[in-house]
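Colleague:
Residue numbers (my numbering): 89 to 364.
#1: List, from N- to C-terminal side, the alpha helix (DSSP H) runs of 4 residues or more that fit wholly inside the stretch 237 to 306.
#2: So for residue 189, helix, strand or coil by DSSP?
#3: Per DSSP, residue 329 is paired with what?
#4: Rounded to whole angstroms, what's the CA-CA distance from residue 329 to residue 111? Just pull it up for me.
#5: How many angstroms separate the CA atom of residue 165 from the CA atom of residue 331?
#6: Assuming residue 303 contacts residue 234 under a Cβ cut-off of 8 Å, what Cβ separation, rounded to an integer in Å, is found between them?
#7: Within its chain, find whatever has a CB closer than 8 Å to the CB of residue 274; leave out the 5 residues flanking it on each side and keep chain order.
#8: Which whole-angstrom value is the C-beta distance of residue 139 and residue 193, which I expect to be below 8 Å?
#9: Bridge partners of residue 120, per DSSP?
#10: If distances are taken between C-alpha atoms only, which option among 171, 253, 211, 285 comes closest to residue 142?
#11: Tell me whether the beta-carbon of residue 290 lies closer than 9 Å to the beta-carbon of residue 223.
#12: If you follow the alpha helix (DSSP H) that residue 227 is part of, which residue opens it and which one closes it?
#13: Measuring straight from C-alpha to C-alpha, what distance separates residue 98 and residue 114?
#14: Assess contact between the stretch 294 to 301 and the stretch 227 to 245, defined as three or more Cβ pairs (one per stretch) separated by less than 8 Å. Is contact present?
#15: Leaving out five residues before and five after residue 288 in sequence, what residues of the same chain have Cβ atoms less than 7 Å from its Cβ?
#16: Of the choices 339, 90, 149, 265, whose alpha-carbon is the least far from that of residue 116?
#17: Mind reading off the beta-carbon distance from residue 263 to residue 124? Whole number of angstroms is fine, and I expect it under 8 Å.
#18: Express the C-alpha separation of residue 106 and residue 323 in angstroms, rounding to a whole number.
#19: Kindly indicate which residue of 319, 313, 335, 341 has the alpha-carbon position closest to the one of residue 354.
#20: Span of the beta strand (DSSP E) holding residue 91?
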């Protein structure tokens, strides 16, 4: 797992170039990496995790007012919230208010993490697994945006290793954030960078808080293959799409949860011919 020191971006040009190249290589070869010295304080990260944990300990009837678990088409064993988070002033009024510190500390983290990369903040709680068992908390899937920046309370994330096609555990490093490529980055790069299939496991030792921040364009803004990366030898691999298209895909495929959004965009045969 590459670990990128973002603090080195403020050093000399040679060091900056090396960091940029390291990020590019990680995106091309793996699709994921971790970052340290990212500018978000440990206290902000800890308070975000604590406020999420406090929310999920509220009475069930209170949490149900904000629950989005049943509205998503991904198979899961968890409780989670999804918040639009940018601009924060427009959306924070819709966030939970029963937990006194939730809006304050989750809002602070949302603002800080946006500086790292429309932003959608997902707040997940994976309960403990049965004693002695390890089970799937979130089924294998990819994220629809450009980048996902992930903060977690403990280990539990697994990614598919492309070279071996086996699951690899993502180690939790102190003060690190996990970053991985989403569907729209694969589209924009015309498959030079590939989205990462990942899943979450339930552990018997403790419940796991996971706060992914998904970064992408505005609701109706289209993403297409960059024209600089399209030529006769490399025709466009995907149709253009937007976040609203993704939401429509979820609604239309509620009974077919295995139909992948990215696969629905793939262009085949004559459709891939460049139009001039």
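For every residue, glycine included, the Cβ atom is placed at its ideal position computed from N, Cα and C.
Modeller: Based on what the coordinates show:
#1: 271 to 276
#2: Start at 1 with the first residue of the chain shown, and residue 189 comes out as number 101. Coil.
#3: The residue labelled residue 329 in the question sits at position 241 within the chain shown. Residue 329 pairs with 311.
#4: Walking along the chain shown from the start, residue 329 turns up at place 241. Walking along the chain shown from the start, residue 111 turns up at place 23. Cα to Cα, the separation comes out at about 26 Å.
#5: The residue labelled residue 165 in the question sits at position 77 within the chain shown. The residue labelled residue 331 in the question sits at position 243 within the chain shown. Legend: pLDDT at residue 165 = 38, less than 50; position of this residue unreliable, value from coordinates given subsequently. Whole-angstrom Cα-Cα distance: 25 Å.
#6: If you number the chain shown from 1, residue 303 lands on position 215. If you number the chain shown from 1, residue 234 lands on position 146. About 6 Å; that satisfies the 8 Å criterion.
#7: Along the chain shown, read from residue 1 onward, the residue named residue 274 stands at position 186. Answer for residue 274: 281, 282, 283, 326, 350, listed in chain order.
#8: On the chain shown, position 51 is the one that residue 139 refers to. On the chain shown, position 105 is the one that residue 193 refers to. About 4 Å; that satisfies the 8 Å criterion.
#9: Position 32 of the chain shown holds residue 120. Residue 120 is bridged to 268.
#10: As a first step, residue 142 must be located in the chain shown, where it is residue number 54. Looking at the Cα atoms, 211 is the closest of the given residues.
#11: To locate residue 290, count along the chain shown from 1; it is residue 202. To locate residue 223, count along the chain shown from 1; it is residue 135. Yes; because the gap between Cβ atoms is below 9 Å, this pair is in contact.
#12: As a first step, residue 227 must be located in the chain shown, where it is residue number 139. No alpha helix (DSSP H) holds residue 227; the beta strand (DSSP E) holding it covers 223 to 229.
#13: Along the chain shown, read from residue 1 onward, the residue named residue 98 stands at position 10. Along the chain shown, read from residue 1 onward, the residue named residue 114 stands at position 26. Looking at the two C-alpha atoms, the distance is approximately 20 Å.
#14: yes
#15: Start at 1 with the first residue of the chain shown, and residue 288 comes out as number 200. Same-chain partners within the cutoff: 214, 225, 226, 244, 245, 298.
#16: Within the chain shown, the letter at position 28 stands for residue 116. Selected option, being the one with the closest Cα: 90.
#17: Within the chain shown, the letter at position 175 stands for residue 263. Within the chain shown, the letter at position 36 stands for residue 124. That belief holds up - the Cβ atoms of residue 263 and residue 124 are roughly 6 Å apart, short of 8 Å.
#18: The residue given as residue 323 occupies position 235 in the chain shown. The residue given as residue 106 occupies position 18 in the chain shown. In a straight line, the C-alpha of residue 323 is about 30 Å away from that of residue 106.
#19: Reading the chain shown from its first residue, position 266 is the one you call residue 354. Selected option, being the one with the closest Cα: 313.
#20: Residue mapping note: residue 91 aligns to position 3 of the chain shown, counting from 1. 91 to 93 is the span of the beta strand (DSSP E), which, as asked, contains residue 91.
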